[in-house]
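Structure first, commentary second.
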Amino acid sequence: MTQTESQLAQPVVGSDGAAVVASELRKSYKDVEAVRGVSFEVASGEIFGFLGPNGAGKSTTIAMLCTLTVPSGGTGRVAGFDVVTEQAQVRQRIGLVFQDTTLDDYLTASENLRFHAELYGVPREVVGPRLRQVLELVDLWERRDNLVQTYSGGMKRRLEIARGLLHSPRVLFLDEPTVGLDPQTPVAHLELHHRAPPARGDHHLPHHPLHG
Ligand SMILES: Nc1ncnc2c1ncn2[C@@H]1O[C@H](COP(=O)(O)OP(=O)(O)O)[C@@H](O)[C@H]1O
Ligand SMILES: [Mg+2]
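Residue numbers (the working numbering): 5 to 216.
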């Protein structure tokens, strides 16, 4: 392991020891109370999921923890950093797999991942091996040079998961990541998590695979 790789693979514990701490998190949009004070804690290395019907506030909770929307109340800490006052530190340490795909159809899988690596400042010498590692994890290594527009829905999902892991985030957030995945795909969640190398650290899985 090079120096840079070992830096990317640092252990995962935030200064307070937990990967995620939500404390009375709230979010209101005018008269809609999207999230009404949710509290939970996710330990380092833990896979944590939450279930709820449409509109329950799952995506909004994730958005607050990912610093994409500011809470109306309460606090959130991710990898030891406050999601409001330490947004940059949080962003550097998280991976996101969201409901809507954000892949570029006109690029190959490898090109999509390289672009992401560039955005996240993954060191040049780490990108190649890391790309292979995450593509093998989701069984897309053989298809890496195909345009994403030739991928099935499930393959795109898997590629997004690979992308979410590419920069070795300490915490990975997935919002309904199984949409479009067959239950038997090699990337069915728990298998993914068990196969994921320990470099990854924490996984926060905010939706149950069977209900994705
Ligand atoms: N940007 C927004 N503006 C207004 N209301 C919103 C916005 N985002 C979410 N909501 C509302 O907040 C509630 C929770 O939504 P959401 O977090 O997407 O739920 P879930 O992901 O559990 O289906 C819903 O009533 C939704 O309509
Ligand atoms: Mg949602």
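Note that the Cβ used here is the ideal one computed from N, Cα and C, for glycine as well.
Counting only heavy atoms of ligand 1, the residues whose C-beta sits closer than 6 Å to one of them are, along the chain, 33, 36, 38, 56, 58, 59, 60, 61, 62, 63, 64.
Non-local beta-carbon contacts of residue 38 in its own chain, meaning distances under 8 Å to residues more than five positions away in sequence, involve 31, 32, 61, 64 in chain order.
Spatial neighbours of residue 45 in its own chain (CB-CB distance under 6 Å, excluding positions within 5 residues in sequence) are listed in chain order as 22, 25. Contact check for residue 103 against residue 42 fails: the beta carbons are separated by 8 Å or more. When only Cα atoms are considered, residue 79 and residue 157 end up about 36 Å apart.
Distances between the C-beta of residue 96 and the heavy atoms of ligand 2 are all 7 Å or more. For residue 40, the enclosing beta strand (DSSP E) stretches over residues 36-47.
Within the chosen limit of 7 Å, ligand 2 does not reach the beta carbon of residue 143 with any heavy atom.
By the beta-carbon neighbour count (other beta carbons within 10 angstroms, threshold 16), residue 116 is buried. Exposure of residue 122 is indicated by the presence of fewer than 16 other C-beta atoms within 10 angstroms of its C-beta. DSSP places residue 101 inside the beta strand (DSSP E), whose first and last residues are 98-101. In this structure, the alpha-carbon of residue 148 lies about 8 Å from that of residue 139.
In the DSSP secondary-structure assignment, residue 112 is bridged to 151. Look at the beta carbons and you see the stretch 150-168 touching the stretch 98-112: at least three pairs across the two are nearer than 8 Å. Separation of residue 126 and residue 174 (C-alpha to C-alpha, rounded to the nearest whole angstrom) is 14 Å.
Pairing residue 68 with residue 153, the inter-Cα distance amounts to about 31 Å.
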